[in-house]
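Worksheet: one structure, shown below.
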Amino acid sequence: MVPFLGIVRLTLKTAVRSNIFQLLLLVLLVCIVALPATISGDGTAQGYIQISLKYSLAVTGFVLSLSSVWLGCFIMSRDTETYQLHMVATKSISRVTIWLGKWAGIVLIHLVLLLVASLTIYFIVQYQYHRQEFSAAERQRIQNEVMVARRVYYPVQPNMDELARRELARRIEVNKRSGRAVDESQMAQDQMYQDIKREIVGSYSQIPYGGAREWQYKNLPTDYKGPVFLRFRFYVAKIGGNEQRASSGLWIVGIPFPAEEETGTKNITEQKEIKEKKYNFSPYPTTQAPEQIMSGEFHERLLNTELISPNGEMLVAFQNFDPSRETMFFQLGDGPKVLISAGSFTDNYFRAVLVVFIQLLIMAGLGCAAASVLSMPTAVFLVISYIISGSLAVLLSGTTYFSGAADYVGSYMGKILLLFIIPLQAFDISYFVAGGELIEFSVIGMIFLQYFILRGVPFFLLGMFLYRRRELGLVIRK
Amino acid sequence: MMTKENNPPVASAVGLTKIFRDFWGRPKAKAVVDIDFNVYPGEVIGLLGPNGSGKSTTVKMLLGLLYPTAGTLSVLGRSPRAVDTKREIGYLPEESYLYKYLTASETLDFFGALFGLSAAERRLRTEQLLEMVGLSHAKRRRVGEFSKGMARRIGLAQAMINDPALLILDEPTSGLDPLGCKEVKDLILHLKKRGKTVIVTSHMLSDVEDICDRVMIMYGGKIRAEGTLNELLTITDASRITTPQLSPEVTAKVLKILRENFGSSEEFQVDHPRKSLEEFFLEVIASARRDSVETAGVVSGGQIAGYLNDDKDSLLQTLTKGEAVPEARPAIPEPAETSRAELEADNIRLKKLTAEAPAKAEPEPAAHQAAEKLAEANDKLKDLLSGK
Numbered sequence: 423m424v425p426f427l428g429i430v431r432l433t434l435k436t437a438v439r440s441n442i443f444q445l446l447l448l449v450l451l452v453c454i455v456a457l458p459a460t461i462s463g464d465g466t467a468q469g470y471i472q473i474s475l476k477y478s479l480a481v482t483g484f485v486l487s488l489s490s491v492w493l494g495c496f497i498m499s500r501d502t503e504t505y506q507l508h509m510v511a512t513k514s515i516s517r518v519t520i521w522l523g524k525w526a527g528i529v530l531i532h533l534v535l536l537l538v539a540s541l542t543i544y545f546i547v548q549y550q551y552h553r554q555e556f557s558a559a560e561r562q563r564i565q566n567e568v569m570v571a572r573r574v575y576y577p578v579q580p581n582m583d584e585l586a587r588r589e590l591a592r593r594i595e596v597n598k599r600s601g602r603a604v605d606e607s608q609m610a611q612d613q614m615y616q617d618i619k620r621e622i623v624g625s626y627s628q629i630p631y632g633g634a635r636e637w638q639y640k641n642l643p644t645d646y647k648g649p650v651f652l653r654f655r656f657y658v659a660k661i662g663g664n665e666q667r668a669s670s671g672l673w674i675v676g677i678p679f680p681a682e683e684e685t686g687t688k689n690i691t692e693q694k695e696i697k698e699k700k701y702n703f704s705p706y707p708t709t710q711a712p713e714q715i716m717s718g719e720f721h722e723r724l725l726n727t728e729l730i731s732p733n734g735e736m737l738v739a740f741q742n743f744d745p746s747r748e749t750m751f752f753q754l755g756d757g758p759k760v761l762i763s764a765g766s767f768t769d770n771y772f773r774a775v776l777v778v779f780i781q782l783l784i785m786a787g788l789g790c791a792a793a794s795v796l797s798m799p800t801a802v803f804l805v806i807s808y809i810i811s812g813s814l815a816v817l818l819s820g821t822t823y824f825s826g827a828a829d830y831v832g833s834y835m836g837k838i839l840l841l842f843i844i845p846l847q848a849f850d851i852s853y854f855v856a857g858g859e860l861i862e863f864s865v866i867g868m869i870f871l872q873y874f875i876l877r878g879v880p881f882f883l884l885g886m887f888l889y890r891r892r893e894l895g896l897v898i899r900k
Numbered sequence: 074m075m076t077k078e079n080n081p082p083v084a085s086a087v088g089l090t091k092i093f094r095d096f097w098g099r100p101k102a103k104a105v106v107d108i109d110f111n112v113y114p115g116e117v118i119g120l121l122g123p124n125g126s127g128k129s130t131t132v133k134m135l136l137g138l139l140y141p142t143a144g145t146l147s148v149l150g151r152s153p154r155a156v157d158t159k160r161e162i163g164y165l166p167e168e169s170y171l172y173k174y175l176t177a178s179e180t181l182d183f184f185g186a187l188f189g190l191s192a193a194e195r196r197l198r199t200e201q202l203l204e205m206v207g208l209s210h211a212k213r214r215r216v217g218e219f220s221k222g223m224a225r226r227i228g229l230a231q232a233m234i235n236d237p238a239l240l241i242l243d244e245p246t247s248g249l250d251p252l253g254c255k256e257v258k259d260l261i262l263h264l265k266k267r268g269k270t271v272i273v274t275s276h277m278l279s280d281v282e283d284i285c286d287r288v289m290i291m292y293g294g295k296i297r298a299e300g301t302l303n304e305l306l307t308i309t310d311a312s313r314i315t316t317p318q319l320s321p322e323v324t325a326k327v328l329k330i331l332r333e334n335f336g337s338s339e340e341f342q343v344d345h346p347r348k349s350l351e352e353f354f355l356e357v358i359a360s361a362r363r364d365s366v367e368t369a370g371v372v373s374g375g376q377i378a379g380y381l382n383d384d385k386d387s388l389l390q391t392l393t394k395g396e397a398v399p400e401a402r403p404a405i406p407e408p409a410e411t412s413r414a415e416l417e418a419d420n421i422r423l424k425k426l427t428a429e430a431p432a433k434a435e436p437e438p439a440a441h442q443a444a445e446k447l448a449e450a451n452d453k454l455k456d457l458l459s460g461k
């Protein structure tokens with residue numbers, strides 16, 4: 423342990439005495455203080471707080487990630503190229519201990535910077551919240567929607583893949599019966615499948631004028647007494663774009679009541695279902711007339727806890743009354759989501775900091791692993807390429823429309839890359855904090871397991887292995 | 074010195090070969106070619122050779138920084154790459170590869186930590202080592218600000234932080250003034266007396282000659298000569314007699330005897346023996362110190378670090394308090410036995426050099442006594458040669 427701590431101390435001194443630490447701290451503080459002032463939000467205090475949380479935290483994570491990659495590459499390669507490592511490697515310390523000590527030192531210094539930056543952001547936000555003169559309603563809104571940690575419940579969705587497969591089989595059968603030629607090649611079948619799935623997803627998301635769509639939620643807490651929020655966003659006429667405008671719609675909530683028990687002799691399964699009491703929902707409009715709602719933006723609506731049935735279900739619906747009779751689109755990822763308070767803002771904020779810390783662990787490890795055998799510029803290039811590849815792989819693997827073979831190749835390549843590469847998007851959680859959404863420990867655990875353990879650690883182990891085997895005497899001194 | 078018969082070698086190589094290859098695995102250079110050697114406990118071995126002879130490659134293989142292409146190499150009975158092996162090795166590289174932003178005491182503390190020494194032990198050894206190498210006054214200065222000589226000294230100190238059984242010194246006296254060289258050599262001899270094994274590579278052949286028991290001379294990756302200094306350097310077909318100052322008459326008699334025995338065709342030479350420049354230099358400095366002349370440069374190191382001594386109250390410890398350890402091989406006569414004429418000449422030079430310093434030393438009385446002894450010895454020899 424003493425040798426390991428010696429290496430850690432040396433690494434800390436290297437960073438601090440080479441002025442990197444001071445420079446980084448300055449850059450971070452400038453970003454944290456100046457960034458919210460330069461980005462134009464919605465002009466409200468809530469908007470300012472959300473910008474501080476979202477962008478400042480994201481920039482902190484980005485700057486520290488780059489710094490940890492750079493410092494990892496710099497410290498590992500410089501020691502080797504200046505022969506200082508000779509002095510260390512000829513002492514009674516294993517190469518693996520040296521590697522781990524340097525990695526731990528880099529992580530430690532970035533942890534200090536992360537804590538300084540995140541605490542600064544936290545106290546700026548708290549200062550804004552407590553010191554500004556808000557109206558009671560605005561303060562309540564900030565408290566319910568921003569300075570809180572709310573658990574997210576998504577509506578129950580049908581299995582789109584299964585529906586698409588069934589529809590594909592049905593269409594093939596219909597075509598065969600009617601004597602039409604059917605292209606049974608794999609590429610053609612995949613293309614048809616993607617097309618059908620797009621149609622199904624689209625139809626599920628669309629609400630034509632005058633039509634309605636309902637969403638059911640399950641596993642909601644039944645003993646909850648606090649505010650329940652419904653968060654949604656819709657588009658009019660087309661998804662995205664700058665042509666979004668004010669539209670009209672009517673929200674309908676379902677008031678739960680017990681379903682009638684069925685009579686007659688039942689088998690064991692049916693008897694069990696009867697024992698789990700079922701509830702039906704009686705529709706009740708939230709407003710007497712359709713209300714004006716801006717499309718293309720997120721909105722939150724306060725609901726009554728009485729809408730949650732004793733078995734933890736809730737039903738809401740929306741009817742399209744667009745003045746231009748255009749179709750409305752509710753994208754699957756946009757909800758509508760039910761948000762229920764499950765923790766404090768402070769707790770949630772530091773969960774986000776924990777995710778950033780995991781990101782730093784990985785970035786530092788990648789830098790150290792790459793520089794175990796490569797010179798500094800090559801190592802930095804390799805790691806940056808790795809990070810960019812991960813980000814691109816997410817885009818490629820998300821391709822839903824295949825216009826040709828290149829799209830297929832790109833999509834499959836993206837999926838294969840994601841088995842090995844860590845995408846930076848996975849660590850972007852500042853949005854959740856700014857939106858008051860709880861970062862579940864299961865999500866943090868999944869990030870740690872999937873990216874640090876399953877993808878990062880093998881890379882680190884490879885770096886340690888190559889570092890251990892490296893003939894230091896072959897390096898030409900710089 | 075421990076003998077070969079009763080102790081296994083500290084380092085042993087059989088058929089040791091190192092071939093450097095290019096990226097494609099093709100041989101590029103044969104740095105070491107099929108060498109065999111043993112280094113026994115308590116020896117001071119000199120590894121000599123011109124640039125590119127394979128010395129550094131051999132040293133790096135001993136340290137585990139390079140891996141042999143063929144042959145076997147063991148250090149302290151284990152692979153050179155084993156962590157346990159390195160626990161007992163100290164290494165001073167040719168140039169300073171220290172961390173420039175660390176202070177002298179931080180440097181020793183860091184390297185001490187790599188050996189798992191406790192904080193208290195590191196503090197103790199750091200103080201003693203800095204005192205020994207004469208850098209106590211600079212312990213809070215960054216190593217990057219050191220002169221070359223100071224950097225060598227701190228390098229030597231870090232090589233001994235773990236009290237190693239095997240010390241590998243690459244050009245240990247490089248960059249050091251003659252005083253520093255003397256101290257390093259004295260230290261090496263002291264370590265040898267304690268049973269340590271030292272491998273020295275150096276281009277300063279006079280330094281190697283002063284301290285080494287055996288030397289290995291490499292060229293082209295092979296060992297061209299190996300043996301003790303006596304074995305390698307003694308000219309067996311000639312003799313040398315050193316006497317006090319001879320009068321012309323005695324000189325003529327001696328030459329006559331030699332011509333009678335060897336014939337007039339042989340060449341005989343009678344001249345005055347010379348002290349080495351190093352010895353003269355050290356005398357000058359010692360005299361200046363006695364006269365308390367101030368200096369802004371490096372001061373001479375103090376006594377050997379306590380933890381490097383077995384017995385803290387030993388005679389050796391007493392002897393090393395501010396004075397040089399007597400040489401193991403006194404090949405050159407002591408200053409007190411030099412001729413009167415030489416002594417007087419030395420005194421004149423000394424006076425010139427120390428002209429501005431407050432004269433506290435008393436060279437004249439000591440020289441006068443020495444001159445008397447010299448005359449006595451001269452008379453005795455004269456009687457001997459004349460057959461009395």
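Chains as they are written, first to last, in our numbering: chain A, 423 to 900; chain B, 74 to 461. Idealized CB from N, CA, C, for every residue including glycine.
Interface flag, residue i vs chain B, CB-CB below 9 Å
i: Leu-411(A); result: No answer is possible for residue 411(A): it lies beyond the span of chain A, which begins at 423 and ends at 900.
i: Ile-661(A); result: no
i: Leu-445(A); result: no
i: Ser-440(A); result: yes
i: Lys-759(A); result: no
i: Lys-647(A); result: no
i: Thr-436(A); result: yes
i: Val-424(A); result: yes
Chain A within 9 Å of residue i, Cβ atoms only
i: Asn-124(B); result: no
i: Leu-138(B); result: yes
i: Gly-189(B); result: yes
i: Ala-84(B); result: no
i: Phe-96(B); result: no
i: Pro-245(B); result: no
Which of helix, strand or coil DSSP assigns to residue i
i: Lys-598(A); result: helix
i: Asn-581(A); result: coil
i: Lys-348(B); result: coil
i: Pro-680(A); result: strand
i: His-276(B); result: coil
i: Pro-321(B); result: helix
i: Trp-190(B); result: The sequence shown places Leu at residue 190(B), not Trp. Coil at Leu-190(B), not helix or strand.
i: Asp-605(A); result: coil
i: Ile-243(B); result: According to the sequence shown, residue 243(B) is Asp rather than Ile. Strand.
i: Lys-269(B); result: coil
i: Phe-743(A); result: coil
i: Met-750(A); result: strand
i: Ile-661(A); result: coil
i: Gln-562(A); result: helix
i: Thr-142(B); result: coil
i: Phe-772(A); result: helix
Heavy atom of the ligand GTP within 8 Å of residue i beta-carbon
i: Gly-428(A); result: The ligand GTP is not part of the structure shown, which contains no ligands of any sort.
Using a Cβ-Cβ cut-off of less than 8 Å, list which residues of the region 514–544 of chain A approach chain B; keep chain order.
-> Those residues of the region 514–544 of chain A that come within reach of chain B (Cβ to Cβ, closer than 8 Å) are Ser-514, Ile-515, Ser-516.
Are the region 536–546 of chain A and the region 200–208 of chain B touching by the rule of at least three beta carbon pairs closer than 8 Å?
-> The region 536–546 of chain A vs the region 200–208 of chain B: no contact.
Closer than 8 Å, Cβ to any Cβ of chain B: which residues of the region 488–511 of chain A, in chain order?
-> Within the region 488–511 of chain A, the residues whose Cβ lies closer than 8 Å to some Cβ of chain B are Thr-504, Tyr-505, Gln-506, His-508, Met-509, Val-510, Ala-511, listed in chain order.
What are the start and end residues of each continuous alpha helix (DSSP H) run of 4 or more residues lying completely inside the region 434–486 of chain A, in chain order?
-> For the region 434–486 of chain A, whole alpha helix (DSSP H) runs of length 4 or above, ordered along the chain, are 442–460, 467–473.
Would you call the region 632–648 of chain A and the region 608–616 of chain A in contact, with 3 or more CB pairs under 8 Å?
-> These segments do not touch.
At a cut of 8 Å, does the region 762–782 of chain A reach the region 570–584 of chain A through at least three beta carbon pairs?
-> As far as the Cβ criterion goes, the region 762–782 of chain A touches the region 570–584 of chain A, which means the pair count is three or higher.
Pull out every residue of the region 93–117 of chain B whose Cβ sits closer than 8 Å to any Cβ of chain A, in chain order.
-> Cβ contacts with chain A: Phe-93.
Using a Cβ cut-off of 7 Å, which residues of the region 863–894 of chain A contact any Cβ in chain B, in chain order?
-> Of all residues in the region 863–894 of chain A, Glu-893, Leu-894 have a Cβ within less than 7 Å of some Cβ in chain B.
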